[in-house]
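To convert, note that position 219 of the sequence shown is 225 in the working numbering; the numbers rise steadily by one, no gaps.
Scroll down for the structure; my scribbles are underneath it.
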Amino acid sequence: MNNDIKEVFNLINYSKKICIAGHKAPDGDCIGSVMALYCFLKDRNKDITVLLDGEIPFNFKSFVDEEIIAKDYHKEEFDLMFVLDCSDSGRLGEYEPALKHSKKTVVIDHHKTNCGFGDISIIDPEMSSTGELLYDVLKTYGSISKEIATYIYIAILTDTGKFSYSNVSSSTHRKVAELIDLGVDVAEVNNLVYNSKPANVVRAFIDCVNGIELYHDNKFVITAITKNILEKNHAKMSDVDGIVEFLREINEVEVSCVLKEWEDHTKVSLRSKNNVDVSVVSAKYGGGGHAKAAGFEIKDTIENTKKLLIEEFKEYWVK
Ligand SMILES: [Mn+2]
């Protein structure tokens, strides 16, 4: 990995036009990592294009100057393209073609399903988050500002469920300690990320939670964020987050599932509490993820997808 990091910095030195891209429907790890790298490269006077397919959720808006995010992409050529937190190239969404228009590509990710689709791929499934891995990369060759530290902290904080998931290691905490020493305001960041929900978003959240159905001796819970619920509460899909993690809090539940109703497809989010590896089911349907957090898309209705998943998880708890 050290040789790869060296090569990444060589590429940065020789490149002028650099693109930074994350996955569609960006989350805290994706946004934090993209912004940290953006600040790092900005300090080195690079010409940077940020590509993110989808809305920035309301709770990350105060951390991002949305002016820096490209509104559209016209097959612009890049000397170097960074792809962050994407388990495969399809996760780039509408910006996937940018890969073909970049002379060199660097993939930095922590999904174990990532097969390494960059010219250089730095992938470590042991890392809690792409942010944690990116921190190791950046601090090898440069100093980390308070601003960069804050973005890395946001990435780690959100992808670890506030440092509570099994992806957290003692070295995660050691790195977070370093970030705090660099000036991260922990209370302020947590308030902005977590204690900042508009009432209509909370109402939409409650409506979704109200719709839960439990199966397989209450080990499997499923609900949907429907267009109806969003319209009724004037909420956006990107705003209603955290339901799938919330449902896992139910004592008997082993796997929680949230379906998101889009125009022509359904997005499936899966979370596991103990031994069920939800990335297996996810991979079966062309998705990616981790053992305890995975997801995929399917060209079908909410109702059909629900039936499919109830059936899919049945075998896990056959007595
Ligand atoms: Mn991640």
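Note that beta-carbon positions come from the ideal geometry of N, C-alpha and C, so glycine has one too.
Is the CB-CB distance between residue i and residue j below 8 Å?
i, j, result
"V56", "I37", "no"
"V70", "A27", "no"
"K225", "E258", "yes"
"V274", "I304", "yes"
"L185", "Y159", "yes"
"G167", "E251", "yes"
"T229", "E237", "no"
"C25", "F66", "no"
"K12", "D53", "no"
"T232", "I128", "no"
"Y322", "V282", "yes"
"V190", "T164", "no"
"M133", "S108", "no"
"Y101", "F15", "no"
"K106", "D59", "no"
"N206", "N239", "yes"
"P131", "K145", "no"
"K110", "L17", "yes"
From the DSSP output, in three-state form, read off residue i for me.
i, result
"G248", "coil"
"C92", "coil"
"I54", "strand"
"C121", "coil"
"K22", "coil"
"T166", "coil"
"D85", "strand"
"S262", "strand"
"T307", "coil"
"D187", "helix"
"D115", "strand"
"I75", "strand"
"K110", "strand"
"E100", "helix"
"E318", "helix"
"E61", "coil"
"A31", "coil"
"E267", "strand"
"D49", "coil"
"E13", "helix"
"H324", "First, the amino acid is wrong: residue 324 is Val here, not His. Correct three-state label for V324: coil."
"S39", "helix"
"H80", "coil"
"N201", "coil"
"R180", "helix"
"S68", "helix"
Tell me, to the nearest whole angstrom, how far the beta carbon of residue i is from that of residue j; I am working on the premise that it is less than 8 Å.
i, j, result
"G122", "V112", "Rounded, the Cβ-Cβ distance is 11 Å, inconsistent with contact."
"D247", "P63", "6 Å"
"K181", "Y141", "6 Å"
"A297", "S288", "Not confirmed; about 10 Å, so no contact."
"A210", "A183", "Rounded, the Cβ-Cβ distance is 36 Å, inconsistent with contact."
"S93", "N120", "5 Å"
"V5", "I249", "Beyond the ends of the chain as shown, which are 7 and 325, falls residue 5; an answer cannot be given."
"I154", "F46", "6 Å"
"L253", "V227", "5 Å"
Can you tell me whether residue i is buried or exposed, with buried defined as 16 or more other CB within 10 angstroms of its CB?
i, result
"V174", "buried"
"F4", "With the chain represented from 7 up to 325, any question about residue 4 goes unanswered, as that position is not in the structure."
"A161", "buried"
"A104", "buried"
"D91", "buried"
"D35", "buried"
"V284", "buried"
"H116", "buried"
"K313", "exposed"
"Y44", "buried"
"G124", "buried"
"D245", "buried"
"S21", "buried"
"I212", "exposed"
"R50", "exposed"
"S278", "buried"
"V143", "buried"
"V324", "exposed"
"V192", "exposed"
"S39", "buried"
"S68", "exposed"
"M41", "buried"
"G292", "exposed"
"S176", "exposed"
"S172", "exposed"
"S135", "buried"
Is any non-hydrogen atom of ligand 2 found closer than 7 Å to the C-beta of residue i, if you look at the structure I gave you?
i, result
"T136", "As far as ligands go, the structure on display features ligand 1 and does not contain ligand 2."
* To do: At 4 residues or longer, and completely inside the region 204–246: list those alpha helix (DSSP H) runs for me, N to C.
  => 205–216, 233–239
* To do: Note down, one range per segment and in chain order, each beta strand (DSSP E) of at least 3 residues found wholly within the region 270–301.
  => 272–278
* **Start-end ranges of the alpha helix (DSSP H) lying completely within the region 124–149, minimum 4 residues** => 136–147
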